[in-house]
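What follows is one structure encoded as structure tokens, with my remarks underneath.
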Amino acid sequence: MKRKYWYAIYAVALALLPVLLMFVTRLDSPSDLLTPPSLTGDKLEIQRAFEASVQDKAGIVLQYPTAGDYRSAFVLKDLDGDDSAEAIVFYSLKSDESTVRINVLEKVDETWRSVYDEPGYGAKVISVDFEDLNNDKNIEVITCWSVFEGSAAKTLTIHSVLHEKDEPLELEALVNQSYTFKDIADMDSDGMNEVLVTWLDNTDPNMPKSYASLLKQASDGTISQMGQNVSLDASVSAYASLKLETTSEGKTIAFLDAYKGDDTMITEVIRWDENSKSLAAPLLDPDTLTNTLTMRTPAVASMDINKDKNIEIPIVINDGGAEMPKEVPLSLFAWAVPGDNGLTQISYGFMNVSLGCFFRLPDEFANYTLAYRLSDETCTTLYRTEDGENREEPLFTILVKNSSDFSDDESYTFKLRHGGMVIYGTLTSVGESFGFTNELIENSFTFFDTLT
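So the mapping is simple: the working numbering equals the position in the sequence shown, first residue as 1, plus 2.
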């Protein structure tokens, strides 16, 4: 009797197996196992109207902003000032997952319908904000995009909302700007908000430059940059965070924390200069274009440490005898061969004994180059000099990391690997005009065995 019972169970299992296999093979990816909660009411009507407007309904992949106040793929906002919300839907198609699209729906005669559908500016949506940037009672849509899947490249767009009576609304792109961090604030204290961005100029991949700039909307709706870009320290390895503070006088100040090496940090202060009508970075040394006033180890970010609503920057006063990374000059070395008349110098450069390498300078650069590094040997910057004593503009920065700690999201123009280390850095425009190239830098390292 028991044998017949088990035969029956086996028979049912074998009968269900093809069905289970068919179900599993129809799943495209683990994301197909995750379905959002079912929508009801008005949101269900919006979803149905959106899906009806897309020809490839089976290929829809909803995209959710990963930061900011709006984290839904369906964002409800009154875009045209009629006291009735419109819906913005972020989505991509399985046939083109590298581009997020924007679909706008509005309610007409109690029925939702799609009125706008265009490709966006990236593979993922980071955030979306809504702001009236020139106080004309018309809203602007500020969207941040991740340009490529798994990449640190980001783009910020600002759209105006076009709406005429009895005409469907549209979005018009006013700005498309690469950026590292952004925030919205009244930096010039005129009663209207601007968009503050820090960004890397990649116009020439061999000459990246780091800046902060301010985007302002005029009364006619156009957006332009206010004043000149302000240069930031180019010898940082990565940026950490951007925070804003409003002082008791109503002024807005930005605090940008950045890494130099693995465990050393600086803070850039960015504010509006009323005299020059431009942004200013008062802690940047104008001679060396570096920020050493706020350099500290360990890498502790700026914060409101005493709860007085002001942001404070940690700085080192007394290291207590501890071994703290400091910026120290490197000696210029020469390799020499003996001859009848003594030693003949044949090669010039700088030494890193811990890493076991020699960085060779072209002979004609030896008298016009100075090198400074942090004493923990994770960051070295070479500078131009005219007199051999005073450093001027930075030429390039060399950073060192363990291979396991290195990410391709790091900003660099040259890179090489040795053993378990990655040596990388950024060549400046001054360095290139001086005569350096990324290939020359990569080929200038000679590694040797250190004595123990």
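For each residue, glycine too, the CB sits at the ideal point set by N, CA and C.
Just so we're clear, the structure is a prediction, and the values are computed from it rather than from any experiment.
Beta-carbon spacing of residue i, residue j below 8 Å
i: Val127; j: Phe92; result: yes
i: Gly358; j: Phe257; result: no
i: Ala373; j: Thr382; result: yes
i: Leu217; j: Val199; result: yes
i: Arg456; j: Thr294; result: The chain is shown only over 3 to 454; residue 456 falls outside these bounds and no answer can be derived.
i: Arg375; j: Val432; result: no
i: Ile144; j: Val163; result: no
i: Leu95; j: Gly124; result: no
i: Leu401; j: Ser243; result: no
i: Asp235; j: Ile268; result: yes
i: Thr113; j: Ala187; result: no
i: Tyr241; j: Ala220; result: no
i: Thr439; j: Pro396; result: no
i: Val197; j: Lys211; result: no
Status (buried if at least 16 other CB within 10 Å, exposed otherwise) for residue i
i: Ser284; result: Checking the sequence shown, residue 284 turns out to be Pro, not Ser. Pro284 comes out exposed.
i: Ala54; result: exposed
i: Glu108; result: buried
i: Ala51; result: buried
i: Pro121; result: exposed
i: Lys139; result: exposed
i: Lys167; result: exposed
i: Asn351; result: According to the sequence displayed, residue 351 carries Gly and not Asn. By the neighbour-count rule (16 or more Cβ atoms within 10 Å), Gly351 is buried.
i: Lys311; result: exposed
i: Val232; result: buried
i: Thr159; result: buried
i: Gln57; result: exposed
i: Gly455; result: Outside the modelled stretch of the chain, which goes from 3 to 454, sits residue 455, for which no answer is possible.
i: Leu202; result: buried
i: Leu46; result: exposed
i: Ser215; result: buried
Whole-angstrom distance between residue j and residue i, CA atom to CA atom
i: Ser457; j: Tyr213; result: Shown here, the chain extends from 3 to 454; a query on residue 457 therefore has no answer.
i: Thr296; j: Thr182; result: 21 Å
i: Pro67; j: Val130; result: 7 Å
i: Phe436; j: Glu99; result: 43 Å
i: Glu441; j: Thr428; result: 12 Å
i: Glu133; j: Gln227; result: 17 Å
i: Thr248; j: Asn195; result: 13 Å
i: His165; j: Leu81; result: 9 Å
i: Glu434; j: Phe416; result: 13 Å
i: Val424; j: Ile90; result: 44 Å
i: Thr448; j: Asp265; result: 26 Å
i: Ile104; j: Tyr118; result: 8 Å
i: Glu172; j: Glu388; result: 57 Å
i: Gln65; j: Ile48; result: 16 Å
i: Phe360; j: Ser304; result: 36 Å
i: Asn137; j: Ser148; result: 29 Å
i: Ser40; j: His161; result: Residue placement at Ser40 cannot be trusted, given a pLDDT of 49 that sits under 50; the coordinates are not used to answer.
i: Gln179; j: Leu286; result: 24 Å
i: Asn308; j: Glu276; result: 29 Å
i: Val102; j: Ala155; result: 15 Å
i: Arg419; j: Val106; result: 48 Å
i: Met189; j: Thr224; result: 18 Å
i: Pro331; j: Ile348; result: 22 Å
i: Gly2; j: Lys279; result: Since the first residue of the chain shown is 3 and the last is 454, residue 2 is not available in this structure.
Simplified DSSP assignment, three categories, for residue i
i: Arg73; result: coil
i: Ser33; result: Reliability of the predicted coordinates at Ser33 is poor, the pLDDT of 37 falling under 50, and the value obtained from them is presented with this limitation in mind. DSSP places Ser33 in helix when its eight states are reduced to three.
i: Gly351; result: strand
i: Glu329; result: strand
i: Asn440; result: helix
i: Glu412; result: coil
i: Ser237; result: coil
i: Ala51; result: helix
i: Lys403; result: strand
i: Lys139; result: coil
i: Val149; result: coil
i: Leu46; result: helix
i: Glu133; result: strand
i: Phe449; result: strand
i: Ser356; result: coil
i: Gly229; result: coil
i: Tyr370; result: helix
i: Ser221; result: coil
i: Glu388; result: coil
i: Gly421; result: coil
i: Tyr7; result: Because Tyr7 carries a pLDDT of 49, less than 50, the predicted location of this residue cannot be relied on, and no value is offered for it.
Any non-hydrogen atom of the ligand ZN within 7 Å of residue i CB
i: Asp306; result: Ligands in the displayed structure: none, and consequently the ligand ZN is not present.
My parser needs the beta strand (DSSP E) runs of 3 or more residues fully inside the region 160-213; what are they? Taken in chain order, the complete beta strand (DSSP E) segments of 3 or more residues contained in the region 160-213 are 172-180, 183-187, 196-203.
Taking the runs of the alpha helix (DSSP H) that are 4 residues or longer, which of them lie wholly in the region 244-324? Runs of alpha helix (DSSP H) with 4 or more residues, each lying fully within the region 244-324, are absent.
Which complete beta strand (DSSP E) runs does the region 53-129 hold, if anything under 3 residues is left out? Fully contained in the region 53-129 are the following beta strand (DSSP E) runs of length 3 or more, in chain order: 62-64, 76-79, 88-95, 98-110, 113-121.
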